[in-house]
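Novice:
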Amino acid sequence: MIIITNPPQKFSGELVVSGDKSITHRAMMLGALAQGLTEITGHLDAEDCLSTLRCLQQLGTKINTRGSKLLIEGRNMVFNEPAEILNAGNSGTTARLLMGILSGQSFKTTLTGDQSLQRRPMKRVAEPLRSMGAVVDGDEDGDTLPLTVQGGTLKAIHYNSPRASAQVKSAVLLAGLYADGITTVEEPYPSRNHSELMLKQFGAHVKSSGSKASVEGQSQLKGCQLKVPGDISAAAFFMVAAAIVSESDLFLKDVGINPTRSGVIDVLKSMGAEIEISNERSWGFEPVADIHVKGGSKLNSTSIGGSLVPRLIDEIPVLAVAAAFAEGETVISDAAELKVKESDRITELSSQLRKLGVNITEKDDGMIIKGGSTLSGTEVDSCGDHRIAMALAVAGLAAQGETTVHNADVIGISFPGFMPSLRSLIVKKPFN
Ligand code: S3P
Numbered sequence: 315m316i317i318i319t320n321p322p323q324k325f326s327g328e329l330v331v332s333g334d335k336s337i338t339h340r341a342m343m344l345g346a347l348a349q350g351l352t353e354i355t356g357h358l359d360a361e362d363c364l365s366t367l368r369c370l371q372q373l374g375t376k377i378n379t380r381g382s383k384l385l386i387e388g389r390n391m392v393f394n395e396p397a398e399i400l401n402a403g404n405s406g407t408t409a410r411l412l413m414g415i416l417s418g419q420s421f422k423t424t425l426t427g428d429q430s431l432q433r434r435p436m437k438r439v440a441e442p443l444r445s446m447g448a449v450v451d452g453d454e455d456g457d458t459l460p461l462t463v464q465g466g467t468l469k470a471i472h473y474n475s476p477r478a479s480a481q482v483k484s485a486v487l488l489a490g491l492y493a494d495g496i497t498t499v500e501e502p503y504p505s506r507n508h509s510e511l512m513l514k515q516f517g518a519h520v521k522s523s524g525s526k527a528s529v530e531g532q533s534q535l536k537g538c539q540l541k542v543p544g545d546i547s548a549a550a551f552f553m554v555a556a557a558i559v560s561e562s563d564l565f566l567k568d569v570g571i572n573p574t575r576s577g578v579i580d581v582l583k584s585m586g587a588e589i590e591i592s593n594e595r596s597w598g599f600e601p602v603a604d605i606h607v608k609g610g611s612k613l614n615s616t617s618i619g620g621s622l623v624p625r626l627i628d629e630i631p632v633l634a635v636a637a638a639f640a641e642g643e644t645v646i647s648d649a650a651e652l653k654v655k656e657s658d659r660i661t662e663l664s665s666q667l668r669k670l671g672v673n674i675t676e677k678d679d680g681m682i683i684k685g686g687s688t689l690s691g692t693e694v695d696s697c698g699d700h701r702i703a704m705a706l707a708v709a710g711l712a713a714q715g716e717t718t719v720h721n722a723d724v725i726g727i728s729f730p731g732f733m734p735s736l737r738s739l740i741v742k743k744p745f746n
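Taking the numbering used here, the leading residue of the sequence shown gets 315, the next gets one more, and so forth.
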């Protein structure tokens, strides 16, 4: 449970947010697949990434720490048959990307997850992997965990994915590493491209342009040194907090601004938030920058849909909070994927924000938020979803009175340092 009291006067200071979750998962997995040692710094130490780490260890990967570094001894594509079921916990990325890797192994593995993950669709990954030659079995024709994956000889495919999903794309590309020939995934819109960029860094032959990515099978991955940028999905909570609390002045350092992830910056800017990007550079192939947000600007409503959605899918809960403080009606469309995230984010987020006084209407593929109501602190619930918990805490910052977020321990899934960081930036109004 977390309690947010009294609106702060401002939200100010400097912060280095935790490492990017998507990039950390991939760094661990590609490090395990490679030949030789991979050294990772800046990785995210949170429950989801620990799920990936534990599964890789169960598959025989040796992983050690030296100071702040994570050292992965690569297995050169071949893993050991695990003695026990692999458990991806709450992490969709762990489960789906591992399914791709397991498709290339010569043994059968059982994979499961927590209650939330057991409700999430897996056939979107099972189907293309089956067409490559893997045998994926489970309830509802392999749509839900627990699942078994029997790997084998794989053939390269050209997969036209019906949705923009980096998890599906990455699973197919990882399986493609084991096939002969070139495996290609084409999506309706580009999804995050961390797998492609990192595969390139490990020396694989990868090509990508627009919404199409290809990998050459039997590419040799070589262990390397990786520095993980700050997570823009974590930074987004602080960006919105600074934008909605007047007089705020916030510096976020070393944040990943990969264009396939940075939709939240574009949207907040288009709503009128004062955001400046500086010190742009690259860590490996990933673009990184510092972000300066000043509060006090009047926010306007916006509309979010189409190709913008995959560029900010995980930031929609906190963008809905920004919309609640904007003038006019914000419409979010083409985001039905929100229903199959860690919770049904359309229904759960709407019901919790409504308790705080937000005027929000659910749609099949998104929501409509009428901004401008005064929010009043009350008791809300994370609904078991880490991003809803953090979005509600941010809403509570700008609500009148006290907001209590129940079941907030789920924040540890992606951002254990969230509350200490938030509290360190709060500057309270002096007593009258
Ligand atoms: C992720 C991709 C996205 C995102 C998830 C992480 C990844 O999911 O929502 O939190 O690391 O590849 P989809 O690929 O299902 O859109």
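Backbone N, C-alpha and C fix where the C-beta goes; we use that ideal spot for every residue, glycine too. Everything numeric in this text was worked out from a predicted model, so none of it was measured.
(1) With three or more beta-carbon pairs closer than 8 Å as the criterion, would you say the stretch 584-592 touches the stretch 539-551?
(2) In this structure, what does DSSP give as the bridge partners for Lys422?
(3) Between the alpha carbons of Gly406 and Ile415, how many angstroms are there, rounded?
(4) If distances are taken between C-alpha atoms only, which option among Ser690, Val463 and Ser525 comes closest to Glu716?
(5) On the DSSP letters alone, give me the boundaries of the beta strand (DSSP E) that Val694 sits inside.
(6) Would you call the CB atoms of Glu729 and Ala489 closer than 8 Å?
(7) To test your reading of the DSSP string, which unbroken alpha helix (DSSP H) runs of 4 or more residues are found completely within the stretch 594-652?
(8) DSSP has His720 in a bridge; who is on the other side?
(9) Helix, strand or coil, according to DSSP, for Arg380 in the structure here?
(10) From Phe599 to Gly333, what does the alpha carbon distance come to, in whole angstroms?
(11) For Asp699 and Ile317, I'd like the C-alpha separation in whole angstroms.
(12) Over what stretch of residues does the beta strand (DSSP E) that includes Gly570 continue unbroken?
(13) If you reduce the DSSP assignment to three classes, tell me which class Gly671 lands in.
(14) Our contact map puts Glu395 next to Phe421 with C-beta atoms below 8 Å; I'd like the distance itself, whole angstroms only.
(15) Exposed or buried, what is Pro734 when buried is set at 16 or more other beta-carbons lying within 10 Å of its beta-carbon?
(16) Per DSSP, Met681 is paired with what?
(17) For Gln714, collect the residues of the same chain with a Cβ closer than 8 Å to its Cβ; drop the 5 residues on either side in sequence, then sort them by chain order.
(18) Alpha carbon to alpha carbon, how far is Leu613 from Ile683? Give it in angstroms, no decimals.
(19) Let me check understanding here. Comparing Cα to Cα, which of Leu711, Leu329, Leu344 and Ser657 lies closest to Ser696?
(20) Evaluate Lys521 with the Cβ neighbour count: other Cβ atoms within 10 Å of its Cβ, from every protein chain shown; 16 or more gives buried, anything less gives exposed.
(21) Is DSSP giving Ser528 helix, strand or coil here?
(22) Can you check DSSP and say which residues form a bridge with Lys324?
(23) Taking the alpha-carbon positions, what's the Gly609 to Ala346 distance?
(24) Assign Glu510 to one of three DSSP states: helix, strand, or coil.
(25) Any heavy atom of ligand 1 closer than 7 Å to the beta-carbon of Ile627?
(26) Over what stretch of residues does the beta strand (DSSP E) that includes Thr407 continue unbroken?
(27) What number of angstroms, rounded off, separates the C-alpha of Val741 from the C-alpha of Val331?
(28) Apart from the five residues just before and just after Val654, which ones in its own chain have a Cβ nearer than 6 Å to its Cβ?
(29) Using the three-state DSSP reduction, which class does Thr352 fall into: helix, strand or coil?
(30) Would you say Gly327 and Leu739 are within 8 Å of each other, going by their C-beta atoms?
(31) Please state if the CB of His720 and the CB of Met315 are separated by a distance shorter than 8 Å.
(32) Got a sec: does ligand 1 put a non-hydrogen atom nearer than 7 Å to the Cβ of Arg380?
(33) For Ile318, which beta-bridge partners are listed by DSSP?
(34) When the Cα atoms are used, what is the spatial distance from Glu500 to Phe732?
(35) Look up Ser430 in the DSSP assignment and say whether it is helix, strand or coil.
(36) Would you check if the stretch 623-641 and the stretch 503-511 touch, i.e. whether three or more CB-CB distances between them fall below 8 Å?
Specialist: Well, looking at it:
(1) At 8 Å Cβ cutoff, the stretches do not touch.
(2) Gln464
(3) 14 Å
(4) The candidate whose alpha carbon is nearest that of Glu716 is Ser690.
(5) Residues Glu693 to Asp695.
(6) Per the sequence shown, the amino acid found at residue 729 is Phe instead of Glu. No. Outside cutoff.
(7) 630-638
(8) Asp695
(9) strand
(10) 16 Å
(11) 17 Å
(12) Where Gly570 is concerned, the enclosing beta strand (DSSP E) stretches over Asp563 to Gly570.
(13) coil
(14) 4 Å between Cβ atoms; contact.
(15) exposed
(16) Residue pairing of Met681 in beta bridges, as defined by DSSP: Ile646 and Glu676.
(17) Pro321, Thr688, Leu689, Ser690 and Gly691
(18) 13 Å
(19) Ser657
(20) exposed
(21) strand
(22) In the DSSP output, where bridge partners are listed per residue, Lys324 has Val741.
(23) 43 Å
(24) Correct three-state label for Glu510: helix.
(25) yes
(26) Segment Gly406 to Leu416 is the alpha helix (DSSP H) holding Thr407; no beta strand (DSSP E) there.
(27) Across the structure, Val741 and Val331 are spaced so that their CA atoms are roughly 19 Å apart.
(28) Once the five neighbours on either side are set aside, the close Cβ partners of Val654 are Arg434 and Pro435.
(29) DSSP places Thr352 within a strand segment (E or B) once states are collapsed to three.
(30) yes
(31) In contact: Met315 and His720 (Cβ atoms closer than 8 Å).
(32) Distances taken from the Cβ of Arg380 to the heavy atoms of ligand 1 include none shorter than 7 Å.
(33) Thr717
(34) 36 Å
(35) In the three-state scheme derived from DSSP, where H, G and I count as helix and E and B as strand, Ser430 is classed as helix.
(36) yes
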